[in-house]
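Q: Sharing a structure below in structure tokens format, with a few things to ask.
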Amino acid sequence: MAQSTQLPVQPATRTERIVPLVIRLTAGLLWLSNVGWKVPPNFGKSGNSCGGLCGYVQDGIDHGVVPGWSWLMENLVLPNLTLFGYATLFLEFTLAVLLLTGTFTRAAAVGGFLQSIAIGLSVANTSGEWYWSYLLMAALHVAVFGMAAGRYYGVDALLRQRPTLPRWMAAIT
Amino acid sequence: MDGGDHVNQQVQRTVSVVVAAYGLVVIVANARTGLFPTQYTKDWVLFGGGGFPGDLGRNIFAGSIAFGVLLLIMAAVVWFVTGQPAARPIGAVAILFGLLLLVLYRDSGNLLAARPGVAAVLVAIGVFLVASTLTVDQAPVGPGARAKARR
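Just so you know, the sequences run in chain order A and B.
Under the numbering used here, the first sequence has 119 at position 139, and the numbering climbs by one with no breaks.
Under the numbering used here, the second sequence has 1051 at position 97, and the numbering climbs by one with no breaks.
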């Protein structure tokens, strides 16, 4: 009898399928609703004023969480704000698309986790911020990763049915 | 896409209905800005209040009437074309157009007044359409699919 080369799909009850979907869509909407205020080409920098994304970078410098991070923000990110602004815009846009569709979900979860930590390290100590927000954002992506939340009602479910799926692609779905 | 082996018709129709509802909200929310604006909506029909849920709504549904109509068209495409070979090129065009909107995003305005949030939704629809063809040889879906499968 020929052995199937398809990856196994875990049996799941309706609840076990719906909960990962809800968690994944929540994470997707988180990025979707926050991508819009990273506005190119200046990303909030205008003359001597610094708002928007630029303001958050400045907060990371003024209210550092860890010393090395503040140094990075001041000497690497702020002087190259346009480059980092575009990187942020495209990363968060991509995270929204991948999480909403359930495509390469585990890779998206890792990206979302790292971006949550990066944002938290920048602004968690800023006045008015609640540092638990960023810990919860990071935890949300850990849950998405752990549930492999794209395997139900997601594109990953389709990808994993392909017999020729490369191993690396199986790992990120 | 149900944890099983293909995009079943229930998922296909659910996605279509969700996209249509999303498009309708975009049309209504941005109705005061005109049909083909390039300036972003400031006078909202919905989501006018500050904080939650107004801020969330303004971020998720920022577009124009024309963009909402485009989403309604995409909802019809999802309903009728998902899983068929035509879904792949249509999905690819949707992805490319969504990325174009992202590249053109400026504080001064954008094509169809589309902020990145709605552009991301368009790209997501494109990804869904392209992905729906991945198993087209195994399990066709869409109108007449069951009859085709029986033949």
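All residues carry an ideal CB built from backbone N, CA and C; glycine is no exception.
Values in this document were obtained by computation on a predicted structure and should not be read as measured data.
Can the beta-carbon of residue 1046 of chain B be found closer than 8 Å to that of residue 76 of chain A?
A: Taking the first residue of the second sequence as 1, we reach residue 1046 of chain B at position 92. Taking the first residue of the first sequence as 1, we reach residue 76 of chain A at position 96. Their beta carbons are not under 8 Å apart, which means residue 1046 of chain B does not touch residue 76 of chain A by this criterion.
Q: Closest by CA to residue 996 of chain B, which one among B/1007, B/1018 and B/1055?
A: Position 42 of the second sequence, counting from 1, holds the residue named residue 996 of chain B. Answer by Cα proximity: B/1018.
Q: Kindly indicate which three-state DSSP category residue 86 of chain A falls into: helix, strand or coil?
A: If you number the first sequence from 1, residue 86 of chain A lands on position 106. Residue 86 of chain A falls in the helix class under three-state DSSP.
Q: Residues of chain B with a CB under 8 Å from the CB of residue 86 of chain A: which are they?
A: Your numbering for residue 86 of chain A matches position 106 in the first sequence. Those within 8 Å of residue 86 of chain A in chain B number zero; the least Cβ separation is about 16 Å.
Q: Near residue 989 of chain B, which residues of its chain fall below 6 Å by C-beta distance, leaving aside the five closest residues on each side in sequence?
A: The residue given as residue 989 of chain B occupies position 35 in the second sequence. Same-chain partners within the cutoff: 1019 and 1020.
Q: Quick check on residue 26 of chain A: buried or exposed, where buried means 16 or more other Cβ atoms within 10 Å of its Cβ?
A: Here residue 26 of chain A refers to the residue found at position 46 when the first sequence is read from its first residue. Exposed: under 16 other Cβ atoms inside 10 Å.
Q: Are the CB atoms of residue 977 of chain B and residue 1013 of chain B nearer to each other than 8 Å?
A: As a first step, residue 977 of chain B is located in the second sequence; it is residue number 23 there, counting from the start. As a first step, residue 1013 of chain B is located in the second sequence; it is residue number 59 there, counting from the start. No. Outside cutoff.
Q: Do you know how far the Cα of residue 1085 of chain B is from the Cα of residue 1102 of chain B?
A: Sequence index remark: in the second sequence, residue 1102 of chain B carries index 148 (1-based). Sequence index remark: in the second sequence, residue 1085 of chain B carries index 131 (1-based). Summary for residue 1102 of chain B: the model assigns pLDDT 47, below 50, so the residue's position carries little reliability; its value from the coordinates is reported in the next sentence. Whole-angstrom Cα-Cα distance: 20 Å.
Q: Hey, is residue 1091 of chain B's beta-carbon within less than 8 Å of any beta-carbon in chain A?
A: Indexing the second sequence from 1 puts residue 1091 of chain B at position 137. Any reading at residue 1091 of chain B must be qualified, since the residue scores a pLDDT of 48, below 50, and its modelled position is unreliable; no value is offered.
Q: Could you spell out the range, first to last residue, of the alpha helix (DSSP H) harbouring residue 66 of chain A?
A: Start at 1 with the first residue of the first sequence, and residue 66 of chain A comes out as number 86. Residues 61 to 81.
Q: What's the gap between the Cα of residue 1059 of chain B and the Cα of residue 1068 of chain B?
A: Translated into the one-based positions of the second sequence, residue 1059 of chain B becomes position 105. Translated into the one-based positions of the second sequence, residue 1068 of chain B becomes position 114. Distance between the alpha carbons of residue 1059 of chain B and residue 1068 of chain B is about 8 Å.
Q: Can you list, in chain order, the residues of its chain with a C-beta nearer than 6 Å to that of residue 120 of chain A? Leave out the 5 residues immediately preceding and following it.
A: The residue labelled residue 120 of chain A in the question sits at position 140 within the first sequence. Once the five neighbours on either side are set aside, the close Cβ partners of residue 120 of chain A are 7.
Q: To the nearest angstrom, report how far apart residue 69 of chain A and residue 18 of chain A are at their CA atoms.
A: In the first sequence, the residue the question calls residue 69 of chain A occupies position 89. In the first sequence, the residue the question calls residue 18 of chain A occupies position 38. Approximately 6 Å between the Cα atoms of the pair.
Q: May I ask you to report which of helix, strand or coil DSSP gives residue 142 of chain A?
A: Residue numbering aside, residue 142 of chain A sits at position 162 when the first sequence is read from its first letter. Coil, per DSSP.
Q: Given residue 54 of chain A, which residues of its chain have a CB within under 7 Å of its CB, disregarding the five upstream and five downstream residues?
A: Locating residue 54 of chain A in the first sequence gives position 74, counting from the first residue. These residues qualify, in order along the chain: 41.
Q: Answer with yes or no whether the minimum CB distance from residue 160 of chain A to chain B is below 8 Å.
A: Only positions -19 to 153 of chain A appear in this structure, which leaves residue 160 of chain A out of reach.
Q: Exposed or buried, which one is residue 1007 of chain B when buried takes at least 16 other CB atoms within 10 Å?
A: Taking the first residue of the second sequence as position 1, residue 1007 of chain B is located at position 53. Exposed is the call here.
Q: Checking the sheet assignment: what are the DSSP bridge partners for residue 31 of chain A?
A: For the purposes of this step, residue 31 of chain A is identified with residue 51 of the first sequence, where counting begins at 1. In the DSSP output, where bridge partners are listed per residue, residue 31 of chain A has none listed.
Q: I'd like the list of long-range same chain contacts for residue 111 of chain A, defined as Cβ closer than 6 Å, with 5 residues on each side in sequence excluded.
A: Here residue 111 of chain A refers to the residue found at position 131 when the first sequence is read from its first residue. Excluding sequence neighbours, residue 111 of chain A sits near 104.
Q: Starting from the beta carbon of residue 14 of chain A, find every residue of chain B whose beta carbon is closer than 9 Å, and list them in chain order.
A: Counting from 1 along the first sequence, the entry for residue 14 of chain A is found at position 34. Near residue 14 of chain A (Cβ distances below 9 Å), the residues of chain B are 1013 and 1071.
Q: For residue 1061 of chain B, which residues in chain A fall below 7 Å Cβ to Cβ?
A: Within the second sequence, numbered from 1, the residue matching residue 1061 of chain B stands at position 107. Those within 7 Å of residue 1061 of chain B in chain A are 19.
Q: Below 8 Å on the Cβ atoms is my contact criterion, and I expect residue 132 of chain A with residue 1 of chain A to pass it. Report the Cβ-Cβ distance as a whole number of Å.
A: Taking the first residue of the first sequence as position 1, residue 132 of chain A is located at position 152. Taking the first residue of the first sequence as position 1, residue 1 of chain A is located at position 21. So it is a contact: roughly 6 Å between Cβ atoms.
Q: Residue 48 of chain A bridges to which residues according to DSSP?
A: Start at 1 with the first residue of the first sequence, and residue 48 of chain A comes out as number 68. Paired residues: none, contrary to the question.
Q: Which first and last residues belong to the alpha helix (DSSP H) in which residue 1007 of chain B is found?
A: Start at 1 with the first residue of the second sequence, and residue 1007 of chain B comes out as number 53. 1005 to 1014 is the extent of the alpha helix (DSSP H) around residue 1007 of chain B.
Q: Please decide whether residue 1103 of chain B counts as near chain A, where near means a Cβ-Cβ distance under 8 Å.
A: To locate residue 1103 of chain B, count along the second sequence from 1; it is residue 149. Any reading at residue 1103 of chain B must be qualified, since the residue scores a pLDDT of 43, below 50, and its modelled position is unreliable; the value itself is stated next. No - not a single Cβ of chain A is within 8 Å of the one on residue 1103 of chain B.
Q: Between which residues of its own chain and residue 122 of chain A is the CB-CB distance below 7 Å, once the five residues before and five after are set aside?
A: Taking the first sequence and counting its residues from 1, the one referred to as residue 122 of chain A is at position 142. Closer than 7 Å at the Cβ level, and outside the excluded window around residue 122 of chain A, lie 93.
Q: Which value, in whole angstroms, describes the spacing of the CA atoms of residue 1049 of chain B and residue 1036 of chain B?
A: In the second sequence, residue 1049 of chain B corresponds to position 95, counting from 1. In the second sequence, residue 1036 of chain B corresponds to position 82, counting from 1. Straight-line Cα distance between these residues: approximately 15 Å.
Q: Cα-Cα, which of A/73, A/147, A/46 and A/33 is closest to residue 60 of chain A?
A: On the first sequence, position 80 is the one that residue 60 of chain A refers to. Restricting attention to A/73, A/147, A/46 and A/33, the CA atom closest to the CA of residue 60 of chain A is found in A/33.
Q: Beta-carbon of residue 982 of chain B versus every beta-carbon of chain A: anything under 8 Å?
A: Working through the second sequence from its first residue, we reach residue 982 of chain B at position 28. Contact with chain A is absent for residue 982 of chain B, since none of that chain's Cβ atoms lies less than 8 Å from the residue's Cβ.
Q: Where residue 1091 of chain B and residue 84 of chain A are concerned, what is the direct C-alpha to C-alpha distance, given to the nearest angstrom?
A: Against the second sequence, residue 1091 of chain B aligns to sequence position 137. Against the first sequence, residue 84 of chain A aligns to sequence position 104. Annotation note: pLDDT 48 at residue 1091 of chain B (below 50); position unreliable, coordinate value reported separately. Distance between the alpha carbons of residue 1091 of chain B and residue 84 of chain A is about 22 Å.
Q: Output the boundary residues of the alpha helix (DSSP H) element that contains residue 1071 of chain B.
A: Within the second sequence, the letter at position 117 stands for residue 1071 of chain B. For residue 1071 of chain B, the uninterrupted alpha helix (DSSP H) segment begins and ends at 1070 to 1086.
Q: Going by C-alpha distance, which of A/14, A/3, A/-1 and A/66 is nearest residue 1057 of chain B?
A: Here residue 1057 of chain B refers to the residue found at position 103 when the second sequence is read from its first residue. Of the listed residues, the one whose Cα sits closest to residue 1057 of chain B is A/66.
Q: May I ask you to list, following chain order, the residues of the region 1014 to 1025 of chain B that have a beta carbon less than 7 Å from some beta carbon of chain A?
A: 1014 and 1016
Q: Does DSSP put residue 158 of chain A in a helix, in a strand, or in coil?
A: No statement about residue 158 of chain A is possible, as the shown extent of chain A runs from -19 to 153 and does not include it.
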